[in-house]
Amino acid sequence: MSGSPHATLPAQHGGNPVLRVIGLLSRLSGIASALLIVASVGVTCQMIWVRFVLNQSTIWQTEGVTYMMIGATMLGLPYVQYLRGHVNVDLLPLMLPPAARKGLAALVLVLTLAVVSVMLWHGYHFWFEAWDWGETSNTPWNPKLWVPYLALPLGFGLYALQLAADTWAMLSEIEPPFGLDPGAGLVDDIAERAD
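In the working numbering, the protein residues as written are 711 to 905.
Written out as structure tokens, the structure reads:
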């Protein structure tokens, strides 16, 4: 984002209390994701110490780190969306006039929200079955699987919430489509770079 002349700011709330709360939830989710990454690094270091220094076997560390990293990935989704950190190719939006750009942004947000909603639905069922059946991992550690699976509906749910907030912010003109200045265009950029 730093090299782009069209780098965008984090999600804007325009004073809307609902958008502000959703942004706060996304930031808290990002903090939880970062803490899970730090914890997984700590557990990995502990595992190396136990295996190679103490020459003992490990039971839960590899599986625990795997679950923590999956949880960090899922909980990081809404925070990355909040920061506008997902991959963004702005060539087509820059070629379009502002009205078409807004239509494309609405289409992209709605389609993304639809896909994330399907993932949320299936993630919820995946988690619920593990919780309802008391499913465990069948490893020596044998944890209840509903705990790590909870990251699926939680992460996708918060991501869907942030996408819905972004859609509302764009449609109510709190934030421009794709975070681009309404006057920005490909022809303008070429002219600016030539100067």
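Yeah, the Cβ is synthetic: ideal placement off N, Cα and C, and Gly gets one too.
Residues near residue i in its chain [Cβ-Cβ closer than 7 Å; skip 5 each side]
i, result
"Ser827", "Ala870"
"Arg730", "His723"
"Leu873", "Gln791, Leu819, Thr822, Leu823 and Val826"
"Met829", "Phe866"
"Thr849", "Glu773"
"His835", "none"
"Ile732", "Leu871, Gln872 and Ala875"
"Leu860", "Trp837"
"Pro853", "Thr846 and Ser847"
Residues of its chain near residue i, where Cβ-Cβ distance is below 6 Å and the 5 sequence neighbours each way are ignored
i, result
"Gly833", "Leu862, Pro863 and Phe866"
"Thr754", "Val775"
"Ser750", "Val775, Met778 and Met779"
"Ala742", "Leu785"
"Gly781", "Leu746 and Ala861"
Own chain residues within Cβ distance below 8 Å of residue i, not counting five before or after
i, result
"Leu855", "Ala840, Glu845, Thr846 and Ser847"
"Gln756", "Gln771"
"Ala815", "Pro803, Met880, Pro887 and Phe888"
"Leu868", "Leu735, Ser736, Ser739, Leu785, Leu787 and Pro788"
"Gly813", "none"
Euclidean distance between Cα positions of residue i and residue j
i, j, result
"Trp831", "Thr877", "20 Å"
"Pro803", "Arg811", "5 Å"
"Asp891", "Ile884", "12 Å"
"Val748", "Asn765", "24 Å"
"Ala744", "Val857", "18 Å"
"Asp842", "Pro788", "27 Å"
"Ser796", "Ala875", "Inspection of the sequence shows that residue 796 is occupied by His rather than by Ser. So the alpha carbons of these two residues sit roughly 16 Å apart."
"Asn798", "Phe762", "43 Å"
"Gly713", "Ser736", "Interpretation of Gly713 is limited by its pLDDT of 44, a score under 50 that renders its predicted location unreliable; no figure is taken from the coordinates."
"Gly752", "Gly740", "18 Å"
"Ile769", "Asn726", "49 Å"
"Leu817", "Leu806", "14 Å"
"Arg759", "Trp851", "Correcting the residue type first, residue 759 is Trp in the shown sequence and not Arg. For Trp759 and Trp851, the distance between alpha carbons rounds to 19 Å."
"Thr783", "Val728", "25 Å"
"Ser882", "Ser767", "58 Å"
Nearest-angstrom beta carbon gap, residue j and residue i [assumed within contact, 8 Å]
i, j, result
"Leu746", "Leu801", "Leu746 to Leu801, Cβ: 35 Å. No contact."
Within the region 739 to 780, note down every full alpha helix (DSSP H) run reaching 4 residues or more, in order along the chain. With a minimum length of 4 residues, no continuous alpha helix (DSSP H) run stays inside the region 739 to 780.
Scan the region 821 to 855 and note each continuous alpha helix (DSSP H) run of 4 residues or more that stays entirely inside, going in chain order. Counting only runs of 4+ residues, no alpha helix (DSSP H) is found wholly inside the region 821 to 855.
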